[in-house]
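Notes follow the structure.
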Amino acid sequence: MFLVVLDDVWNDDYNEWDDLRNLFVQGDMESKIIVTIRKENVALIMGSRTINVGTLSSEVSWDLFKRHSLENRDPEEHPKFEEFGRKIADKCKGLPLALKTLAGILRYKSEVEEWRDILSRKIWDQPSCLNGILPALMLSYNDLPPDLKRCFAYCAIYPKDYLFCKDQVIYLWIANSLVQQSRSLFERVPESEWKPEGFLMHDLVNDLAQIASSKLCIRLEENKGSHMLEQSWHMSYSMGEGGDFEQLKPLYKLQQLRTLLLIDTDYSPPLTKRVLHNILPRLTSLRALSLSNNWILPDSICVLYNLETLLLSHCSNLKDNTFSLKMLLHLSKLKSLQVLVGAKLLLGGHGGLRMEDLGELHNLYRSLSILELQNVVDRREALKANFWGKNHVDKLSLEWSGSTADNSQTERDILDELCPHTNIKELQITGYRGTKFPNWPASLSFLELVKLSIDSLPALGQLPSLKFLFIRRMHRITEVTEEFYGSSSSEKHLNSLEKLEFEDMPEWKQWHVLGSGEFPILENLSIETCPKLIGKLPENLYSLTELRISRCPELNLETPLFDEAELFTSQLKGMKHIELLPSLKELELLDCAEIESFPEGGMPFNLQQLRIGNCKKLVNSRKEWCLHRLPYLRKFVIEHDGSDEEIEHWELPCSIQRLEVSNLKTLSTQLLKSLTSLEDLRIGNLPQIQSMLEEGLPSSLSHLTSLQSLGIFSCHQLQSLSLPSSLSELNIEDCPNLQSLSESALPSSLYELTIARCANLQSLPAKGMPSSLSELDISNCPFLKPLLEFDKGD
């Protein structure tokens with residue numbers, strides 16, 4: 020039984036709805052699917068019962084309107100504001116979007132007459148404006164100054180529900196002589212771990228933008244938009260898999276096109292060479308072009324002599340040297356270019372850039388990467404790059420490579436002169452061989468140091484805004500001393516740091532801690548491949564939620580260090596000793612060959628996920644595991660070397676929902692029968708699997724009424740298979756002796772089937788696949804006949 024909620028659906032394509040419905044035909048009759056929509060015709064497509072949600076009452080509407088329009092004013096002290104405000108709120112007819120949008124406009128209007136004017140507009144007398152746009156939204160648009168109206172109309176280029184970046188839309192506005200953004204029609208989406216801060220438009224606001232743009236801004240989506248191409252000046256492109264050349268052919272005629280924006284989605288491929296080399300050169304009026312997330316930097320952009328803004332962010336799939344050499348060539352030909360985002364520039368060598376060339380580039384924005392800095396001769400040459408003048412760059416990468424000469428003093432002098440503007444927020448330095456660090460990176464929030472030759476870490480504790488610090492491959496560091504924290508005052512050090520990582524520091528032996536409350540808000544700590552590091556970690560890490568220690572066998576983890584920390588997840592790899600932290604919910608122990616048992620008292624009571632990999636003594640002894648005492652354990656993964664002996668009474672809690680077992684000699688059928696909550700079972704390289712299947716595994720599986728997904732991998736003894744009726748997903752890989760799937764092998768509920776590298780599999784069920792099957796993937800099974808029959812559909 021399940022509950023699925025689809026919120027704010029606007030798609031009215033019957034075929035797509037029918038495909039979605041087919042996914043749920045095998046669901047329990049008590050299951051429920053709730054869909055919220057704006058258009059009634061969407062609700063009627065599936066013929067389901069509809070419920071009309073009422074609008075807000077008059078009093079609730081006024082409360083919402085008042086909160087957004089009179090934030091710092093008391094309506095009782097301004098009775099006229101309340102009088103007109105209540106009437107305006109009533110005209111919004113209880114619709115929250117209309118109330119909030121119009122209130123956002125009125126909060127900046129301090130004169131009663133301005134409120135009276137909004138109330139008296141004739142647009143309220145119309146039931147709805149063009150294409151169903153709410154009068155309140157049209158009023159909000161009409162209230163914008165002319166320049167902001169143009170900015171807003173331009174945003175019709177973005178698809179519905181597309182999260183767009185503030186910087187991106189600003190660059191596009193700049194390219195088209197637009198300079199400001201609307202203050203009230205976009206919804207701000209906060210920054211997350213994976214995405215920067217962005218903005219969304221409500222569907223109705225998006226519709227309003229399309230009307231305001233008068234078809235000058237269009238979205239070319241799959242099977243949509245092509246009929247309006249001839250009128251458009253600004254276009255975004257978003258399509259699924261299957262190529263783009265045919266769909267973009269009409270662009271041949273669009274010599275007036277000013278903007279071409281590639282909308283990056285999880286399913287849209289990059290533009291092909293055919294498009295980039297045959298269509299792009301014809302768009303000579305382009306002012307703004309986005310090739311972000313693309314794989315190719317085409318020669319064809321050289322002919323776009325009107326281009327003012329070029330976006331090249333996240334083009335990591337391009338080969339470094341090719342990208343850098345071409346970049347120089349292209350930049351020299353784009354005389355109108357004012358904004359370049361994501362530049363990656365190569366210095367020196369054949370066709371490379373000179374520092375004085377870099378100094379003349381004033382159009383660099385956001386991220387900038389400079390490669391092959393070993394080709395810079397001295398500090399006088401570095402000074403010519405004018406890094407201080409590049410005030411629009413906030414993410415900088417500096418890389419030295421390809422030289423073993425001892426130029427430590429020269430490189431230190433060069434780095435001193437590469438001092439960027441104080442707007443810089445993120446800095447990555449790779450391959451720097453100077454023994455000392457400059458003093459200029461004071462405003463950073465992100466710092467990554469990779470493969471440096473410095474003898475001691477700089478005073479990074481004096482960077483008040485530093486949130487993320489990554490230190491890697493610094494082979495000369497032997498100690499992290501008090502100098503690392505900066506001044507010795509009583510103030511907390513690194514008080515903004517949230518994430519700290521050390522990796523591949525083979526000579527690091529000691530970490531000196533001050534014990535004065537350093538790292539007060541550190542949430543994530545990772546130390547990897549520091550084999551000589553001894554002693555203890557800093558104390559009082561009260562904010563720590565994630566700890567990762569790998570290949571640091573001598574490091575001492577003592578429970579008192581973390582007693583008060585709400586540590587959520589921990590991965591310990593290659594350790595000789597462990598201490599289990601009382602608040603842990605996720606734990607991974609990997610390659611801990613010397614550990615024979617868990618500490619006295621067993622596992623943390625609230626543990627939810629446990630993974631044990633290549634811990635031979637620990638698995639073979641199974642001392643002090645007491646897993647059956649963990650009522651919240653949901654996932655258990657064990658990876659071994661096959662040297663264990665079967666233990667029939669190896670107890671697991673019935674709360675486990677996912678179990679992954681590989682390289683054990685066998686698996687107790689009694690153990691499986693007790694796992695009544697198990698939904699996902701993965702078995703890998705289990706030598707006795709065939710005898711278990713014949714003697715009791717199917718009957719054991721039949722008790723697993725919750726089991727939905729089964730994976731069997733590298734089980735060379737597997738010859739045939741029988742499965743429980745509840746199964747919806749089956750994955751079989753690298754089972755060379757599997758010969759057939761019987762008529763009863765595949766349950767009627769099966770939705771997804773994957774079979775790979777089963778060299779002797781010769782037949783599938785003669786009567787065809789279950790009618791419920793939606794996804795079938797068969798690869799590297801040479802004896803299978805190509806014919807696959809289905810009871811219905813394709």
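Last residue of the sequence shown: number 813 in my numbering, and the count goes up by one each step with no gaps. Beta carbons: idealized from backbone N, C-alpha and C, even for Gly. None of the values given here were measured: they were computed from a predicted structure.
Starting from residue i, follow its DSSP beta bridges and name the residues at the other end.
i: Phe489; result: Glu467, Glu520
i: Trp530; result: Val499
i: Val54; result: Leu25
i: Val72; result: Paired residues: none, contrary to the question.
i: Val656; result: Arg630, Glu679
i: Gly554; result: Leu574
i: Thr548; result: Looking at the DSSP assignment, Thr548 forms no beta bridge with any residue, so it has no partner.
i: Thr773; result: Asn750, Asp796
i: Ala362; result: Leu387
i: Phe732; result: Gly703, Glu752
i: Ile64; result: The partner list for Ile64 (beta bridge, DSSP) is empty, contrary to what the question assumes.
i: Ser472; result: Bridge partners of Ser472: none, in fact.
What is the residue span of the beta strand (DSSP E) that residue i lies within?
i: Asn750; result: 748 to 752
i: Ala307; result: 307 to 309
i: Leu700; result: 699 to 703
i: Thr328; result: 328 to 330
i: Glu78; result: First-last for Glu78: 77 to 88, but that is the alpha helix (DSSP H), not the beta strand (DSSP E).
i: Lys592; result: 588 to 592
i: Glu537; result: Note, Glu537: premise wrong, no beta strand (DSSP E); not H, not E.
i: Glu605; result: 605 to 609
DSSP state of residue i, grouped into three classes?
i: Thr429; result: helix
i: Asn575; result: strand
i: Ser767; result: coil
i: Asn543; result: strand
i: Tyr33; result: helix
i: Tyr190; result: helix
i: Glu260; result: In this prediction, Glu260 scores a pLDDT of 49, lower than 50, which makes its location untrustworthy; the coordinate-derived value is nonetheless stated afterwards. In this structure, Glu260 counts as coil in the three-state DSSP scheme.
i: Glu565; result: strand
i: Glu59; result: helix
i: Cys3; result: This structure does not reach residue 3, given that the chain is present from 20 up to 813, and the question cannot be answered.
i: Gln481; result: helix
i: Cys800; result: coil
i: Gly319; result: Rather than Gly, the amino acid found at residue 319 in this sequence is Ser. Helix.
i: Ser616; result: strand
i: Ile443; result: coil
i: Met157; result: helix
i: Ile298; result: coil
i: Ser759; result: strand
i: Ser509; result: Unreliable placement is indicated for Ser509, whose pLDDT of 48 sits below 50; the coordinate value is still reported in the next sentence. Coil.
i: Ile597; result: coil
i: Leu239; result: strand
i: Gln200; result: Low local confidence applies: a pLDDT of 37 at Gln200 is under 50, so the model's placement there is unreliable, with the coordinate-based value given in what follows. In this structure, Gln200 counts as coil in the three-state DSSP scheme.
i: His647; result: helix
Can you give the beta carbon distance from residue i to residue j, rounded, assuming they're within the 8 Å contact cut?
i: Ser768; j: Ser798; result: Contact doesn't hold; Cβ gap of about 24 Å is too wide.
i: Leu323; j: Ile176; result: Actually they do not touch by this definition, with Cβ atoms about 18 Å apart.
i: Ile433; j: Ala478; result: Not confirmed; about 21 Å, so no contact.
i: Leu723; j: Leu697; result: 5 Å
i: His647; j: Leu671; result: 6 Å
i: Lys409; j: Glu375; result: About 14 Å; that fails the 8 Å criterion.
i: Gly450; j: Glu501; result: The pair is not a contact, with the Cβ atoms about 27 Å apart (cut-off 8 Å).
i: Asn704; j: Ser674; result: About 26 Å separates the two Cβ atoms, so there is no contact after all.
i: Cys571; j: Leu552; result: 5 Å
i: Ser515; j: Pro550; result: Not a contact, Cβ separation roughly 30 Å.
Quick check on residue i - is its C-beta less than 7 Å from some C-beta in chain D?
i: Glu558; result: Going by chain labels, chain D is absent from the structure shown, which holds only one protein chain.
If you follow the alpha helix (DSSP H) that residue i is part of, which residue opens it and which one closes it?
i: Thr724; result: Thr724 -> no alpha helix (DSSP H), and no H or E assigned at all.
i: Thr120; result: 115 to 125
i: Leu138; result: 131 to 138
i: Leu280; result: Where Leu280 is concerned, there is no enclosing alpha helix (DSSP H), although the beta strand (DSSP E) it sits in stretches over 278 to 281.
i: Asp109; result: 98 to 110
i: Ser640; result: 635 to 640
Is residue i near the ligand MG, judged by its Cβ being under 6 Å from some heavy atom?
i: His531; result: The ligand MG is not part of this structure, which contains no ligands at all.
Which ranges does the beta strand (DSSP E) cover as unbroken runs of at least 3 residues, wholly within the region 373 to 427, from first to last along the chain?
383 to 390, 412 to 418
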